[in-house]
Amino acid sequence: MDNELKIKMYALTLDCPDPYALAQFYAELLGWDIPFHDNDWACAGAPGANQGAYPGITFQRNPAYIPPVWPEEPGAQQQMAHLDFAVNDLEEAVQRAVRCGAVVAKDQFSEDWRVMFDPAGHPFCLCSMPSLFESPSFALL
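If you want my numbering, it's the position in the sequence shown, counting the first as 1, plus 72.
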């Protein structure tokens with residue numbers, strides 16, 4: 073019997089007012105499934121995978137959630153984290169995100185990525201990385 077401690081990433085969890093609605097946004101954006109949801113939690117993950125087979129994104133109901141301000145402003149709610157998604161076509165990915173319900177941030181600081189806001193106001197980035205998709209070491213969906 074192996075008694076060695078094992079720790080594996082299961083998910084990144086985002087607070088939000090409506091977990092299922094935000095899970096639907098990310099599932100549509102990424103082409104993922106929603107293997108679980110109830111009033112307080114939802115999980116989005118790789119298609120066809122059992123919950124937990126790959127790291128996913130979970131969403132936790134928080135009625136007091138306040139969207140962060142980006143870029144940061146003194147005295148305003150600050151972001152604690154954001155998601156980065158590698159894309160092979162930046163403009164097409166931006167258009168898809170907008171169709172799914174995202175908003176393009178007013179302030180942008182690079183031609184190689186776009187800062188976006190999901191429907192709950194979490195910032196995320198679409199990063200132009202076409203060569204990454206051709207790499208044999210890029211395995212996450």
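From the three backbone atoms N, C-alpha and C, an ideal C-beta is built for every residue, glycine too.
Original post:
So the beta strand (DSSP E) residue 200 belongs to, where does it begin and stop?
Top reply: In the sequence shown, the residue the question calls residue 200 occupies position 128. Residues 195-200.
Original post:
Going by other Cβ atoms of all chains shown within 10 Å of its Cβ, with 16 needed for buried, is residue 213 buried or exposed?
Top reply: Here residue 213 is taken as the residue at index 141 of the sequence shown, counted from 1. Its pLDDT being 48, under 50, residue 213 is placed unreliably in this model, and the coordinates cannot settle the point.
**OP:** Take the Cβ of residue 136 as the centre, count every other Cβ of all protein chains shown within 10 Å, and call the residue buried at 16 or more, exposed below.
**Re:** Here residue 136 refers to the residue found at position 64 of the sequence shown. So residue 136 counts as exposed.
Subject >> For residue 166, the three-state DSSP class (helix, strand or coil) >> reply: Walking along the sequence shown from the start, residue 166 turns up at place 94. Helix.
Subject >> Residues that residue 116 bridges to, as DSSP identifies them >> reply: Your numbering for residue 116 matches position 44 in the sequence shown. According to DSSP, which records beta bridges pairwise, residue 116 is partnered with 129.
Original post:
Between the segment 168-185 and the segment 86-100, do at least 3 Cβ pairs fall closer than 8 Å?
Top reply: yes
Original post:
Among 192, 198, 93, which has the Cα closest to the Cα of residue 167?
Top reply: The residue given as residue 167 occupies position 95 in the sequence shown. If we check each option's Cα against that of residue 167, 198 comes out closest.
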